[in-house]
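**Q**
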């Protein structure tokens, strides 16, 4: 059994940090649980450089084989990777975090699997004390009521079983000299199988690292008790989402206009003020398209820092979904609210432009408050772009099955604070799309100081393909989870408070695109941040993507049309009679066979009598000869074929003891103009099949030749 294994990369990178921490002219007398709680509900804090400078670090269970952008860069064994193991008073404890210096834990996420998941004991040791100040069952501490109540300690989604949720603790836990967090499991991994046996643990801890000399009052149970009234107030404020709003104390600008294509609404506001809230509602015949093709842009003091489709700015993407976070709110009527505080020194210009092809009606208002601009004040920024029809395997060739790759959310240059992001995508496969980890580089980082364990973990939930929608957390939301394991729409968001990311010179956020299937998807991230005047984002206005037809179904991304008499299996809409369960069907990249387009479709979970159906459209009609390409092998058998409801006399057999590829002539069929369908029915199993054996079917393409 490994007892020392790997030190978190965070610790090594952060020991010397004084020269790269965001600096400020003054510093509060002391950091405490009270000061941090008060910061959580002060909406002005993020709009200024941190009063107490810090750098945000992360300890996580990411796969330690990922050390450089090579073949292991996308290693995915993110479980049970600890800083070390140690014995304390006869107990074996696994160290999740061990940090020297003043700091504060500001977000703690975990999820579990394996044997009796989530049954272990979590301990917090402070200032090199050998006795833990906090000790208890892990779920009680992270998402139960042992320390605090909701929403500071909770799990999401509440529609998922408890042990299939992400457990999130947002209670700030400050310390002066040192913080060590350990986990004691009842079921250690078995010798020789260290990560795939016993209890399985995933974790990510975000913490603030303060400069040497910062005065921090170390967390204690007594302080927690003394702060109960404040905690109740903060929890109530975060739940109600209203604290700190002055509701237009310095006036409101009414938004009301009907925009034809290429028309723009614009309002200019003068004086040293701040936009406190922005409310917009769109009306259009095609509301989904209007949410994407109506663009919000804002210029502060002569610098345009916001360019974003309206729906994405409010975290709903291009379909109205109920959202209720600390920074955004969208109700079922389509009324969209944003509560980012956006200060400016002299002037702001808010513009809304219709770059679509339909008329759009806009209504809403801009609420303002007074603001005293100083050298710590920052402009709010937002960058959006879409990776359209993005194939999920990079480098797929005749000799390479392709690989996962990093997607850039944003790269910022200048001094500022990163405060959140949201992701809207349309999945086209019957499998999970978000296995990839976040990789965040701050200032001089050459290796990401934040290396995560999965996209769903970054966004606060867990077990992505099985996860459910939720919109009841102040910082986290997944208002639509429809497409997590099948073709459909998905929206995720993570907004930051105490876990905001300051940077002095630059910040880069990449997310691995680690889809379990080879397919094409639309993937649109939006990033939110504050920058001192002069700071820049690498993301430029993406007009073409915003004008692109929004995807509401599979065929909006992958048109299932017959072209020149041929269509690939992966380009057709397909379904099976077994319920289209997750991982029941897959698009498989493969280089060992002479595939038509390097990918074939495989069906895994059929039984005799079950059917897989492929649908496609044709612009021609008549009698054609049908030829197809198939992959076969050991767990394949005989298949009956129906074309447009007509049973064909020709059966095919794909069984062989070894994997193989065959082109077969099916025979004469009648193509219709419009939708056509072909069904493959598992006719019988091979003789001698064991009961556990699966029944596979794999198709490469269909090709039609006109019969003369």
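Residue numbers (the working numbering): 9 to 716. Note that the Cβ used here is the ideal one computed from N, Cα and C, for glycine as well.
1. My assumption, with CB atoms under 8 Å, is that residue 273 sits in contact with residue 299. Please give the rounded CB distance.
2. When you compare each of 500, 637 and 558 to residue 164 by their alpha carbons, which one comes out closest?
3. Roughly how many angstroms lie between the CA atoms of residue 708 and residue 566, to the nearest whole one?
4. For residue 69, which of 84, 609 and 453 has the nearest alpha-carbon?
5. Count the other CB atoms within 10 Å of the CB of residue 345; is the residue buried (16 or more) or exposed (fewer)?
6. Taking residue 249 as the reference, give the member of 575, 450, 228 and 347 with the closest Cα.
7. In the DSSP assignment, what are the bridge partners of residue 345?
8. Go through its chain and collect everything with a Cβ distance to residue 689's Cβ below 8 Å, but skip five positions before and after it.
9. Hey, would you say the C-beta of residue 49 is under 7 Å away from at least one heavy atom of the ligand NAD?
10. So within the region 63-127, which uninterrupted beta strand (DSSP E) runs reach at least 3 residues, ignoring any that extend past its ends?
11. If you follow the alpha helix (DSSP H) that residue 242 is part of, which residue opens it and which one closes it?
12. Output needed for residue 505: all residues of its chain with C-beta closer than 6 Å, excluding positions within five of it in sequence on either side, in chain order.
13. Ignoring anything shorter than 3 residues, give me the beta strand (DSSP E) runs that lie fully in the region 401-477, in order along the chain.
14. For the beta strand (DSSP E) holding residue 691, just list the boundary residues, first then last.
15. Under 8 Å, with one C-beta from each stretch per pair, do the region 532-542 and the region 428-444 reach the 3-pair mark?
16. By how many angstroms is the C-alpha of residue 332 removed from the C-alpha of residue 313?
17. Let me know if residue 705 comes out buried or exposed under the rule of 16 or more other beta-carbons within 10 Å of its beta-carbon.
18. Within the chosen definition, does the region 571-583 reach the region 453-465 through at least 3 CB pairs nearer than 8 Å?
19. For residue 341, count neighbouring Cβ atoms within 10 angstroms of its own Cβ and tell me buried if that reaches 16, exposed if not.
20. Do residue 755 and residue 593 have their C-beta atoms closer together than 8 Å?
21. Once you ignore the five residues that flank residue 436 on each side, which residues in its own chain have a CB closer than 7 Å to its CB?
22. Between which two residues does the beta strand (DSSP E) containing residue 265 stretch?
23. Compare the C-alpha of residue 602 against each of 473, 665, 415 and 669 and name the closest.
24. Specify the secondary structure class of residue 519 as computed by DSSP and reduced to three states.
25. Quick check on the DSSP output: the alpha helix (DSSP H) that includes residue 319 runs from which residue to which?
26. As an exercise, report each continuous alpha helix (DSSP H) stretch of at least 4 residues that is fully enclosed by the region 511-564, in chain order.
27. In terms of residue numbering, what span does the beta strand (DSSP E) encompassing residue 502 cover?
28. Could you name the residues that DSSP lists as bridge partners for residue 707?
29. Which same chain residues end up closer than 7 Å to residue 466 when comparing Cβ atoms and leaving out the 5 residues on each side of it in sequence?
30. According to the neighbour-count rule (16 or more other Cβ atoms, all chains shown, within 10 Å of its Cβ), is residue 552 buried or exposed?
31. Quick one: what's residue 506 bridged to in DSSP?
32. In whole angstroms, what separates the C-alpha of residue 80 from that of residue 412?
33. Cα separation between residue 168 and residue 630?
34. Who are the Cβ neighbours of residue 152 in its own chain at under 7 Å, not counting the five residues just before and after it?
35. Mark residue 34 as exposed unless 16 or more other C-beta atoms lie within 10 angstroms of its C-beta, in which case mark it buried.
36. For residue 546, which residues of its own chain have a beta-carbon under 6 Å away from its beta-carbon, when the five flanking residues on both sides are left out?
**A** Walking through what the data contain:
1. Taking a contact as a CB-CB distance under 8 Å, the pair residue 273 and residue 299 does not count as one, their CB atoms being some 16 Å apart.
2. With distances taken between Cα atoms, residue 164 lies closest to 500.
3. Approximately 16 Å between the Cα atoms of the pair.
4. Cα-wise, what sits closest to residue 69 is 84.
5. Classification for residue 345: buried.
6. Looking from the CA of residue 249, the closest CA among 575, 450, 228 and 347 belongs to 347.
7. Checking the DSSP bridge columns, you'll see residue 345 partnered with 287 and 337.
8. Result list for residue 689: 617, 618, 619, 647, 648, 649 and 650, in chain order.
9. Among the components of this structure there are no ligands whatsoever, and the ligand NAD is therefore not found.
10. Here the runs fully enclosed are 63-68, 92-96, 99-108 and 111-122.
11. Residues 236-248.
12. Non-local C-beta neighbours of residue 505 in its own chain, meaning closer than 6 Å and more than five positions away in sequence, comprise 48, ordered along the chain.
13. Inside the region 401-477, DSSP marks whole beta strand (DSSP E) runs of 3 or more residues at positions 413-421, 424-435 and 446-450, from first to last along the chain.
14. That run of the beta strand (DSSP E) goes 682-692.
15. Segments in contact, yes.
16. CA-to-CA, the gap between residue 313 and residue 332 works out to about 25 Å.
17. Under this definition residue 705 is a buried residue.
18. No, the region 571-583 is not in contact with the region 453-465.
19. Under the 10 Å beta carbon count, residue 341 is surrounded by fewer than 16 other beta carbons and is classified as exposed.
20. Nothing can be reported for residue 755, as the shown portion of the chain is limited to 9 through 716.
21. Counting only Cβ-Cβ distances below 7 Å, and skipping sequence neighbours, we find 495, 527, 528, 529, 562, 565 and 566.
22. Counting along the chain, the beta strand (DSSP E) containing residue 265 begins and ends at 260-267.
23. It is 669 whose Cα lies nearest to the Cα of residue 602.
24. Residue 519 falls in the strand class under three-state DSSP.
25. Where residue 319 is concerned, the enclosing alpha helix (DSSP H) stretches over 318-321.
26. Runs of the alpha helix (DSSP H) lying entirely within the region 511-564 and spanning at least 4 residues, in chain order: 551-555.
27. Unbroken beta strand (DSSP E) run through residue 502: 496-503.
28. Answer by DSSP bridge pairing, in chain order: 609 and 638.
29. Apart from the 5 residues on each side of it in sequence, residue 466 sits with its Cβ closer than 7 Å to the Cβ of 446, 460 and 502 in its chain, given in chain order.
30. Exposed, since its Cβ has fewer than 16 Cβ neighbours within 10 Å.
31. The partner list for residue 506 (beta bridge, DSSP) is empty, contrary to what the question assumes.
32. Residue 80 and residue 412: Cα-Cα distance of roughly 11 Å.
33. Roughly 50 Å separates the two Cα atoms.
34. Once the five neighbours on either side are set aside, the close Cβ partners of residue 152 are 161.
35. Residue placement at residue 34 is flagged as unreliable, the pLDDT there being 45, under the threshold of 50; the coordinate-derived value follows with that caveat. With fewer than 16 other CB atoms across the displayed protein chains lying within 10 angstroms of its CB, residue 34 is exposed.
36. So the qualifying residues of the chain are 419.
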